[in-house]
Each structure stands twice: as structure tokens, then as C-alpha cells.
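Since the structure comes first, as C-alpha cells, the remarks are kept for the end.
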Amino acid sequence: MYHLFLHSQLDYRRDIMFTAVLVLMSVSGINGWTDTKVRRFRDNFLFGAATSAYQVEGGWDVDDKGENIWDRFLHEHPGVVADGRNGDVACDSYHKYQRDVEMLRELGVDHYRFSISWSRILPTGFSNEINEKGLEYYDNLIDELLKYDIKPMITLFHFDLPQTLQDLGGWANPLSVEWFEDYARVVFEKFGAKVKYWITINQPNSICVDGYGGIEFAPAVGSSGVGDYLCIKNVLLAHAKAYRLYEEEYKAKYKGSVGISLSVNWADSYDNKTENIESTDLYREFTIGLYMNPIWSKEGDFPAVVKKRVLQRSLEQGYRKSRLPEFSSDEIILLKGSADFLGANHYTTTLVKKAEKRFPSPSIDDDMGVELSQRSEWKTSQSSWLRSAPYGLYKMSIHINKVYDYPPVFITEHGWSTMRGLKDSSRVKILRDYFNALLFAIEDGTDVKGYTAWSLMDNIEWTAGSSERFGLYEVNFDSKEKTRKARLSALVYKRIIEERIVEENWKPDNLNISITKRKKYVKVEL
Ligand code: BGC
Numbered sequence: 005m006y007h008l009f010l011h012s013q014l015d016y017r018r019d020i021m022f023t024a025v026l027v028l029m030s031v032s033g034i035n036g037w038t039d040t041k042v043r044r045f046r047d048n049f050l051f052g053a054a055t056s057a058y059q060v061e062g063g064w065d066v067d068d069k070g071e072n073i074w075d076r077f078l079h080e081h082p083g084v085v086a087d088g089r090n091g092d093v094a095c096d097s098y099h100k101y102q103r104d105v106e107m108l109r110e111l112g113v114d115h116y117r118f119s120i121s122w123s124r125i126l127p128t129g130f131s132n133e134i135n136e137k138g139l140e141y142y143d144n145l146i147d148e149l150l151k152y153d154i155k156p157m158i159t160l161f162h163f164d165l166p167q168t169l170q171d172l173g174g175w176a177n178p179l180s181v182e183w184f185e186d187y188a189r190v191v192f193e194k195f196g197a198k199v200k201y202w203i204t205i206n207q208p209n210s211i212c213v214d215g216y217g218g219i220e221f222a223p224a225v226g227s228s229g230v231g232d233y234l235c236i237k238n239v240l241l242a243h244a245k246a247y248r249l250y251e252e253e254y255k256a257k258y259k260g261s262v263g264i265s266l267s268v269n270w271a272d273s274y275d276n277k278t279e280n281i282e283s284t285d286l287y288r289e290f291t292i293g294l295y296m297n298p299i300w301s302k303e304g305d306f307p308a309v310v311k312k313r314v315l316q317r318s319l320e321q322g323y324r325k326s327r328l329p330e331f332s333s334d335e336i337i338l339l340k341g342s343a344d345f346l347g348a349n350h351y352t353t354t355l356v357k358k359a360e361k362r363f364p365s366p367s368i369d370d371d372m373g374v375e376l377s378q379r380s381e382w383k384t385s386q387s388s389w390l391r392s393a394p395y396g397l398y399k400m401s402i403h404i405n406k407v408y409d410y411p412p413v414f415i416t417e418h419g420w421s422t423m424r425g426l427k428d429s430s431r432v433k434i435l436r437d438y439f440n441a442l443l444f445a446i447e448d449g450t451d452v453k454g455y456t457a458w459s460l461m462d463n464i465e466w467t468a469g470s471s472e473r474f475g476l477y478e479v480n481f482d483s484k485e486k487t488r489k490a491r492l493s494a495l496v497y498k499r500i501i502e503e504r505i506v507e508e509n510w511k512p513d514n515l516n517i518s519i520t521k522r523k524k525y526v527k528v529e530l
């Protein structure tokens, strides 16, 4: 209660102040008022960079790796990739991981978030056959990181399900919960002693809404309003099982932390009309609440408004019960509190309006009944969905604090896409603006432990191939060596990590980057 009261005050103060600061950033000195306070990232705030297996590793069929759903999808439908480039070779990190670690040392980061390819270590998807060569690759990478005091943060699952398991229904099959738990056990057993930061699953909404609801993301099931909800339930349960497994069998021994990475972009009402404000609340429940509520709310379970809405639409459509599957009371208990931290993936903000048109039904779009847009004055990136609205990071943080009572947060992804080129001044601006927003959020009580830039280097941006570049380092995909070169943003990020403040006008003399001598790593409890 105290928090809530405090926050409504802070929210108000901050809304005004934040808007003023953003205005001042563009029209500095207006009315003679400037916020001159220098905000610092504390010494034990962790800075890192991220990638994922399919997007960087390549080596798609070497050393007995099994096929996964992205291998299959992009091999069978090469036409869906914007520039035809798939993950067969990608950045070739399977062979170039030492260069990747060298780049991390150049940046001077504390941690590296990467994912394990399930089918590389379990080619059948099941734990009956463990691929030692696959394990060796990750073991070498982890050792290389530890050698330079860079903490590995491992994501167990970042979109690339073994194809064998997809053939059995993938995440729509309730047995996927056990399959994932088995896989997690193999990984915890092998790497638990060396790795302290774990993320079970990356972005259930992309896996389920895009992959099972839609057809543009593997496995392209196209069952919106049904398959997406089945998947969400199973993915969340799989996460919880892996969390409990670690808690029961490894936590005391290894003292690590386990979280889940969720997409927590912000959504604001298009205008002040009551119907649009209500639609925005509903949209947030469908995009944030659906995933956070089962884990972080006091009562657990899917949000009541989402349950009510899907039930009502399902009955109207002639279904006997809701298309949104229920959690049993045991499952609600299993999920509640099943995360040591929220892995927050934040990229952008959208505006929400109550939909005037009807969507095909059943579908999650029809269940939500909203139309989305973005402000035309927000800076555009190379990705159609991504515009810059740094205040959204602040507002998302405050929202999560209010609704879920100040969960520990680790920003596990934030980034910006450009075209090719080393002088990425738009990324530099976005980094600075979002860091300023993050510093405000921290000042106002958000418990943020660290920040992870997406991405360490350009990689295979799913169906965008290499047409949208998210890297601090540019990758020359046409070169045999997959040469990586530091962009301007890499030097600016390095400087922020060193100085722990955001300097609006700092510029490097050139784009040369050398290994950073890091201060001793400070241990952070999550
Ligand atoms: C995903 C990444 C992706 C990034 C940029 C995130 O949602 O986890 O795999 O590359 O967005 O689109």
C-alpha cells in the first residue's frame, strides 16, 4: 500500500519531469530550467551484451547437431527471409567464439548472455542421447568467458525447438513441459558449477503468439486464439518446472539465480478517451499480464480480465469452454514465485485504440479487439515495428513495480536496428536516451540489477535475415571469416560502462577499440 501511494505521487512528479527532460533534450535550456543532476550507474550494476544460438552460431548440421524448427522453416521456405540469409552459417560463432569473447573484452562488459541450442546437445530432443561435441562447444565458450572474468548468462531456450519434438506437437503438447525439464537437467548438471545466471525461456509471446498463432515465425502453426494459448500454458509450466528443478537440486550447491525473459514493451493509450484507456489496460494484460501474472502476482494464474474475455468470446463462438486453457490449483502454486528475477526485453512503445474493425475469429487479435500504432514523431529504425520512445522504458518499469510489487529486474535485451555501416549515430542516441530513462526508473525505486545490449553483433534477425542489423559490432556476412568490426555505438557503450554515466557529447577520436582493463568484478546477488 505504502508503495502504491508513494508511486502514484512519484509517477505524477516523474511524468511531468520526464516529459520536461525529454523536451529539454531536444530544445535545451527552455525557460532557463535544466535538470543538471548527474545520475550514475552504481558500481555493482552489471553491463552485458546478448546473442542467441540460431542467430549467431551457424554450424547447423556439424558435429551431430540435430535439426531444429528454424533450420527446417528457413530451409523449406527460403522465400520468407527478407534477404534470403538463414542461420546455416550466420556469424559462425560455432568456430569463432574466441573472437566473440575478445569483443566482449573490448567492450569491457561484466556478462555475456547467450543461448544453448537444444538440438545441438540433445539431437533427438530427448536426453537418451547426449552429444558430447555439442556440450564441448559450450564448455569451451564458458571457460573462455570465465578466463576473462566475464559471467556467462545462459538462456536455455531461445526459439529453436528440436524438430523431432515439433513433430510431436511441440509446445502445444503438454508433454513438452517434461521434455524441457529433462533438457534443463542435462544443462544444469553439466554447467551448474560454472554458470550462476540462468534464463529458462526467451519471450514466450514470440514463441507462442508468433510461432503457434501466426505463420511468419517458426513453426508457423497458424492457430491463433487456440494454439497460441495452449503453447503459452505449456511454456510457462516448462519454465516453472525448470525453476523448481534448479531450486530443489542445484541452488544450495551452486547458488545461482534463475529467471525468465519476457517481452515487456510499453503500451500507452492513443488518447484520453475512456474506451481507449480501457482497451490499453486490456492490451497490457494480454501482452504483459498473461506472462507475469502467473509468476509475480499474489493470486497467481492468468489475469482475470483475460480469462473473462476469452471465455466470453469462446462461448459466443460456439466453443463449450474457454480457448484459454486453465491452470490447475497445483500448477498455480508451481508457477507462483518461480523466478528470482524478471528478464526484461524492452524495445519500443505502441499506442492502443479500441478496434473499430472486426478481426478474423477465433484469434488473439479478436480477443483483444485493439488497433495499434506508433507516433510519427518517434524516430524510426530499420525494423518496421521499432521506434524510439525512451519514456516507455520508464513507464513500463513503474507499471511493473506497482502491479507486481517491485520485482528484481535484469534488462536482458534492449537494442536498435540500422542498416550496414560503422557510424551508427542513431543507435548511439537511442542508447543514451534509454539509459537516461533507465536511470530515472532506478532512481524511482525500480530494482534493476543490470542491462544487456541486444546485440553483441549483427546476426540473423529471424525472417529479416541480415537486412536489419542490431549489432554493436558489424558483421561482414560475405566474408569467409565473418569479420566483426566495432561500430561507434560499441565505443560509446564501452565508455558508459567505464564512466558509469551518460555523456551526451562524448566522441571517440576514431573507431579503434582495444581490450578494456576492467575493474574487479563485483558479485551481484539476484
Ligand atoms: C528477440 C531477439 C531478436 C530481437 C530483435 C527479441 O525479441 O529475443 O531474438 O533478435 O528481439 O528483434
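Numbering (the numbering used here), first residue to last: 5 to 530.
Think of the CB as a built atom: it goes at the ideal place given N, C-alpha and C, for glycine as much as any other residue.
Residue i versus the options, residue with shortest Cα-Cα distance
i	options	result
T467	G215, Y477, S326	G215
L460	Y438, P166, V479, F195	V479
K361	T352, L376, N349, G347	L376
G88	C95, H79, D96	H79
G260	Y141, R248, L266, G173	R248
E4	L286, L476, G304	The first residue shown for the chain is 5 and the last is 530, placing residue 4 beyond what the model contains.
T354	K399, F474, Y233	K399
W420	L286, T456, E447	T456
F546	K340, L492, G229, P208	Residue 546 is absent from the structure shown; the chain starts at 5 and stops at 530.
G226	Y141, P411, A176, P156	A176
G231	S387, G174, T278	G174
Same chain, Cβ closer than 6 Å to residue i, five either side skipped, listed in chain order
i	result
S401	A445, T450
L532	It is not possible to answer for residue 532, since the shown part of the chain is limited to 5 through 530.
D96	G62, K486
I336	G304, D305
V181	N238, L241, A242, K245
D143	none
N90	L78
S342	A244, Y247, I299
Cβ separation of residue i and residue j, assumed to be a contact under 8 Å, to the nearest whole Å
i	j	result
K406	S283	About 19 Å; that fails the 8 Å criterion.
K245	E185	4 Å
L169	G129	4 Å
P127	K194	Actually they are not in contact, since the Cβ atoms of P127 and K194 sit about 16 Å apart, beyond 8 Å.
F306	P298	6 Å
S471	A86	4 Å
L145	Y101	5 Å
N349	V60	Contact flag wrong, Cβ pair sits at about 17 Å.
Y351	P394	Incorrect: roughly 11 Å between the Cβ atoms, too far for contact.
F345	V413	6 Å
I125	I203	Actually they are not in contact, since the Cβ atoms of I125 and I203 sit about 17 Å apart, beyond 8 Å.
D92	W74	Wrong, their Cβ atoms sit about 10 Å apart, outside the cutoff.
A57	I120	6 Å
Through-space distance from residue j to residue i, alpha-carbon basis
i	j	result
G322	I219	25 Å
I618	K325	Residue numbering for the chain in the displayed model covers 5 to 530; residue 618 lies beyond these limits and cannot be assessed.
G138	L108	22 Å
Y408	S210	22 Å
G469	W122	21 Å
G304	Q316	21 Å
R76	V190	24 Å
V31	K511	Here V31 scores only 39 on pLDDT, less than 50, and its place in the model is too uncertain to base an answer on.
H243	N516	42 Å
L111	K521	10 Å
D104	D428	20 Å
S385	Q378	13 Å
Y152	A441	31 Å
P166	M157	22 Å
Y16	P178	Per-residue confidence for Y16 stands at a pLDDT of 43, beneath the threshold of 50, marking its modelled position as unreliable; the derived number appears in the next sentence. Near 44 Å, if we compare the C-alpha coordinates of P178 and Y16.
According to DSSP, residues forming a beta bridge with residue i
i	result
G263	I203, F345
I505	I505 is not bridged to any residue.
E465	Beta-bridge pairing links E465 to no other residue.
D482	DSSP lists no partner for D482.
M157	R117, Y201
K489	E478
T352	Bridge partners of T352: none, in fact.
E417	N349
A441	None, per the DSSP bridge assignment.
S377	L355
Own chain residues within Cβ distance below 8 Å of residue i, not counting five before or after
i	result
K383	R391, S392, S430, K433, I434
R288	A271, H403
N280	S273, Y274, V356, K357, K358
CB contact check: residue i to chain C, cutoff 7 Å
i	result
V374	Absent from the structure is chain C; it holds one protein chain and no more.
Residues of its chain near residue i, where Cβ-Cβ distance is below 7 Å and the 5 sequence neighbours each way are ignored
i	result
Y233	R327, L328, P329
L50	D114, H115, K453, G454, V528
Y497	L111, L435, A457, L476
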